[in-house]
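Shown next, in structure tokens, is the structure this report addresses.
Protein chains in written order, with this note's numbering: chain B, 1 to 171; chain W, 172 to 280.
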């Protein structure tokens with residue numbers, strides 16, 4: 001099996017992780033076209049990560065656990081997050097041109113005093129707590145949510161100089 | 172032959188499925204020869220280069236992608252080249268997933 005997976009491949013694994021499904025259910029859950037799903041599923045079946053029985057696809061949990069380390073290797077995760085971010089960025093600028101706003105990205109450069117930084121960090125902690133609580137609540141009270149309707153959030157902050165140094169190193 | 176088929180499919184896609192006459196006008200190759208090439212008569216090297224140059228100029232007008240790539244390989248660090256390579260490989264993989272079951276038929280349909 002090759003190292004790492006694509007975002008749409010992870011979607012398939014996540015969908016099956018929730019519950020085994022037939023092709024139509026997977027299509028509804030992921031929003032991916034059945035042709036693409038078949039290609040992804042057949043690749044995973046060749047890698048023995050997915051089982052197919054009587055029209056139903058399910059995760060081969062023993063195999064997945066063994067290969068998880070490879071799939072979630074730091075370098076591969078970096079590529080995957082990069083893919084998520086690039087896609088979000090592309091969609092954002094595409095939507096701006098079309099004046100639609102279902103993708104939102106904000107970039108701010110602000111100088112913060114130490115006390116303001118503490119306030120900011122408190123907001124971040126609150127945000128993370130809120131997300132963890134929602135996640136926890138979904139586990140206890142599932143709402144038949146579809147994978148494709150999940151919201152993707154990306155956030156973080158660093159010094160301007162760190163960004164500049166990163167840019168300089170990437171040549 | 173695989174390379175010939177790939178370059179012709181690419182040409183047809185990039186130039187929005189031109190007619191035989193349009194291909195002939197763009198490449199300077201006679202229309203009867205274009206018809207034979209499109210039906211997989213082996214291409215001459217000079218014909219292959221004509222298609223390849225047209226594709227290159229369509230993708231990167233003014234400068235060829237290969238020239239940029241060559242320059243990158245000479246000037247950028249191994250890590251950066253690795254990053255770019257990884258990104259291209261992921262795009263190719265995605266493309267493969269989207270087109271895996273695509274046609275095996277003639278290029279010109």
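Glycine included, each C-beta is placed from N, C-alpha and C at the ideal position. Bear in mind the structure is a predicted one, so any value in this text is a computation, not a measurement.
Worksheet entry | residue 49(B) vs residue 64(B) beta-carbon contact at 7 Å | Closer than 7 Å, so yes.
Worksheet item: Do the CB positions of residue 236(W) and residue 230(W) come within less than 7 Å of each other?
Response: Cβ atoms of residue 236(W) and residue 230(W): closer than 7 Å.
Worksheet item: Does residue 247(W) have its Cβ less than 7 Å from a Cβ in chain B?
Response: Yes, its Cβ sits closer than 7 Å to a Cβ of chain B.
Worksheet entry | Cα-Cα separation, residue 70(B) to residue 264(W) | Rounded to the nearest whole angstrom, the CA to CA distance from residue 70(B) to residue 264(W) is 18 Å.
Discussion item. For a contact defined as C-beta to C-beta under 7 Å, what are the partners of residue 79(B) on chain W?
Written reply: Those are 257 and 261, listed as they occur along chain W.
Worksheet entry | Residue environment, residue 21(B), which counts as buried when at least 16 other CB atoms sit within 10 Å | Counting C-beta atoms within 10 angstroms of its own C-beta, residue 21(B) has 16 or more neighbours from the protein chains shown and is therefore classed as buried.
Discussion item. Under DSSP, the alpha helix (DSSP H) around residue 188(W) begins and ends at which residues?
Written reply: No alpha helix (DSSP H) contains residue 188(W), which DSSP labels as neither H nor E.
Item to complete: Determine the burial state of residue 214(W): buried for a count of at least 16 other Cβ atoms within 10 Å of its Cβ, exposed for fewer.
Response: So residue 214(W) counts as buried.
Practice prompt. Kindly list, in the order they appear in chain B, the residues whose Cβ is closer than 8 Å to that of residue 239(W).
Written response: Within chain B, not a single residue places a beta-carbon under 8 Å from that of residue 239(W); the smallest gap is close to 15 Å.
Discussion item. So the candidates are 268(W), 226(W) and 252(W); which of them puts its Cα closest to the Cα of residue 183(W)?
Written reply: Nearest to residue 183(W) by C-alpha distance, out of 268(W), 226(W) and 252(W), is 226(W).
Fill in: At least three beta-carbon pairs within less than 8 Å, the stretch 22-34 of chain B to the stretch 141-150 of chain B
The stretch 22-34 of chain B makes contact with the stretch 141-150 of chain B, as at least three CB pairs between them are under 8 Å.
Worksheet item: What's the gap between the Cα of residue 72(B) and the Cα of residue 10(B)?
Response: Note on geometry: alpha-carbon atoms of residue 72(B) and residue 10(B) lie some 11 Å from one another.
Item to complete: To the nearest angstrom, report how far apart residue 177(W) and residue 122(B) are at their CA atoms.
Response: Here the alpha carbons of residue 122(B) and residue 177(W) stand approximately 56 Å from one another.
Discussion item. I need the DSSP call for residue 206(B), collapsed to helix, strand or coil.
Written reply: One cannot answer for residue 206(B) here, as it falls past the ends of chain B, which runs 1 to 171.
Practice prompt. Step through the CB atoms of chain W and report whether any lies within less than 7 Å of the CB of residue 157(B).
Written response: By this cut-off, residue 157(B) is not an interface position.
Worksheet entry | residue 166(B) versus 267(W), 261(W), 212(W) and 251(W), residue with shortest Cα-Cα distance | Nearest option by C-alpha distance: 251(W).
Practice prompt. Using the DSSP secondary-structure output, state which residues sit across from residue 58(B) in a beta bridge.
Written response: DSSP lists 51(B) as partners of residue 58(B).
Worksheet item: Does residue 41(B) get closer than 7 Å to chain W when you measure Cβ to Cβ?
Response: Answer no: the Cβ-Cβ gap between residue 41(B) and chain W never drops below 7 Å.
Worksheet item: If you draw a straight line from the C-alpha of residue 91(B) to the C-alpha of residue 207(W), how long is it?
Response: Going by the C-alpha atoms only, they are around 42 Å apart.
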